[in-house]
Amino acid sequence: MAQTVGDLEAALFAAFPRDDAEDWDQPGLAVGDRTAPVTRIAVNLDMTTAAVTAAADAGCDVLVTHHPPFIKGGPTEFGPATSAATPGPGRMIYTAAQRGVSVIAMHTNADRAVAVRERYADLLGYDCEGNFEHLQDPARDAQGTGLGAVLSSKSPQTLEDLAERCQEAFGGAPRVWGEPERAADHVAFLNGCWTEPELYGICIQNGIDCLIVGETRYHFGTDAAPHLALIDLGHDKSELPIVEVLAETLVDAGYAADSIVRIGTSESNWWIPR
């Protein structure tokens with residue numbers, strides 16, 4: 002089994018190649034010493050001060066997340082969690098250094114992983130036809146790595162059926178555009194934030210009945226509704242399953258299952274009234 006932070010990062014990049022990340026993304030080690038030993042690993046969706054603190058309190062040397070602390074550039078100031086003037090990423094990095102927790106993110110490179118889209122297919126009970134990215138670029142291999150998933154139902158499904166399945170699978174009530182009884186047999190799934198207006202046309206041209214997104218614009222839903230159903234899960238809800246994929250990847254890399262801690266701070270970042 003890999004023993005150092007650097008070995009752990011290398012194992013994750015073997016599963017989620019750095020080359021699969023977007024050019025603007027910054028996956029990999031954000032804070033820490035690659036030569037430091039690893040005994041216990043925390044996994045979480047977000048890299049926040051609360052996540053670092055929970056990891057340290059659980060006796061973890063490393064925090065592995067999906068979201069990095071920052072994507073473009075970096076914080077202009079590093080300070081304690083009590084400093085409101087310090088940006089959130091700056092507080093997180095300060096706390097990680099202070100508590101001795103290395104932090105590693107696998108972001109858009111993990112989004113493109115085959116294991117991620119297959120997880121979404123399993124959660125919804127649909128068959129996975131391949132990645133969504135090949136619909137935008139037919140020269141791409143639909144069965145290789147690529148953003149999103151194209152899913153087909155095993156039996157006829159309505160939009161209401163699919164919406165109820167989403168609520169059960171992702172642990173929250175989604176926003177739904179479209180008539181409940183319309184067909185939802187051919188589905189595109191895009192986790193995270195998607196606001197590109199051309200997605201509507203791509204889906205229609207490829208016979209997609211419903212587009213499931215993590216986050217999009219209100220007017221995208223209203224404009225698409227006559228011809229394309231839309232289910233908006235919420236950015237975090239759509240990506241929480243990736244945390245389990247990260248944990249399973251660590252086990253596959255040789256880390257003991259009982260040394261991996263799911264801290265779950267991203268499941269309570271916000272709340273709704275009863």
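Read in this note's numbering, the sequence shown has 272 at position 271, and its numbers run on one by one without any break. We treat Cβ as the ideally placed atom computed from N, Cα and C, and that holds for glycine. Just so we're clear, the structure is a prediction, and the values are computed from it rather than from any experiment.
> Fully enclosed by the segment 150-214, which alpha helix (DSSP H) runs are 4 residues long or longer?
Replying inline: Unbroken alpha helix (DSSP H) stretches of 4 residues or longer found wholly inside the segment 150-214: 160-171 and 199-206, given in chain order.
> So which of 263, 187, 227 and 51 has the shortest CA-CA distance to residue 157?
Replying inline: Of 263, 187, 227 and 51, the residue nearest in Cα terms is 187.
> Which one or two residues does DSSP pair with residue 45 in a beta bridge?
Replying inline: For residue 45, the pairing in a beta bridge is given by DSSP as 66.
>> Is it buried or exposed, residue 42, if we count other Cβ atoms within 10 angstroms and call 16 or more buried?
In response: With 16 or more Cβ atoms within 10 Å of its Cβ, residue 42 is classed as buried.
> How would you write the range of the alpha helix (DSSP H) that residue 218 sits in, first residue to last?
Replying inline: Where residue 218 is concerned, there is no enclosing alpha helix (DSSP H), because DSSP gives it neither an H nor an E.
> Does the segment 230-250 touch the segment 168-177, meaning 3 or more C-beta pairs lie closer than 8 Å?
Replying inline: A contact exists between the segment 168-177 and the segment 230-250.
> By DSSP, does residue 81 sit in helix, in strand, or in coil?
Replying inline: Residue 81 sits in coil when the DSSP states are folded into three classes, being neither helix nor strand.
> Would you call residue 172 buried or exposed, if buried means 16 or more other Cβ atoms sit within 10 Å of its Cβ?
Replying inline: The residue in question, residue 172, is exposed, as its Cβ has fewer than 16 Cβ neighbours within 10 Å.
>> Along the chain, where does the beta strand (DSSP E) containing residue 268 start, and where does it finish?
In response: Residue 268 -> no beta strand (DSSP E), and no H or E assigned at all.
> With distances taken between CB atoms, is the gap from residue 135 to residue 22 smaller than 9 Å?
Replying inline: At the C-beta level, residue 135 and residue 22 stay beyond 9 Å of one another.
>> Going by C-alpha to C-alpha distance, which of 39, 36, 14 and 37 sits closest to residue 29?
In response: Ranking 39, 36, 14 and 37 by CA distance to the CA of residue 29 puts 14 first.
> Are three or more beta carbon pairs between the segment 36-52 and the segment 258-268 nearer than 8 Å?
Replying inline: Verdict: yes, contact present.
> What does a CB cutoff of less than 7 Å around residue 61 pick up in its chain, not counting 5 residues either side in sequence?
Replying inline: Once the five neighbours on either side are set aside, the close Cβ partners of residue 61 are 41, 42, 43, 102 and 262.
> When you compare each of 140, 115, 217 and 32 to residue 93 by their alpha carbons, which one comes out closest?
Replying inline: Nearest of 140, 115, 217 and 32 to residue 93, Cα basis: 32.
>> Under 8 Å, with one C-beta from each stretch per pair, do the segment 221-228 and the segment 197-213 reach the 3-pair mark?
In response: Contact holds: three or more Cβ-Cβ distances are below 8 Å.
> Hey, would you say residue 4 sits closer than 9 Å to residue 39, going by beta carbons?
Replying inline: The Cβ atoms of residue 4 and residue 39 lie closer than 9 Å to each other.
> In the structure shown, what three-state DSSP assignment does residue 231 receive?
Replying inline: Here DSSP, grouped into helix, strand and coil, assigns residue 231 to strand.
>> Taking a contact to mean a Cβ-Cβ separation below 9 Å, would you say residue 70 touches residue 106 in this structure?
In response: Result yes, Cβ atoms of residue 70 and residue 106 sit closer than 9 Å.
> Under a Cβ-count criterion, where at least 16 other Cβ atoms within 10 Å of its own Cβ denotes burial, should residue 131 be classed as buried or exposed?
Replying inline: By the Cβ-count criterion, residue 131 is buried, with 16 or more other Cβ atoms from all chains shown falling within 10 Å of its own Cβ.
> DSSP state of residue 76, grouped into three classes?
Replying inline: In the three-state DSSP reduction, residue 76 falls in the coil class, being neither helix nor strand.
>> Let me make sure I understand the geometry here. Which of 26, 212 and 269 has the alpha-carbon closest to that of residue 164?
In response: When only C-alpha atoms are compared, the closest one is 212.
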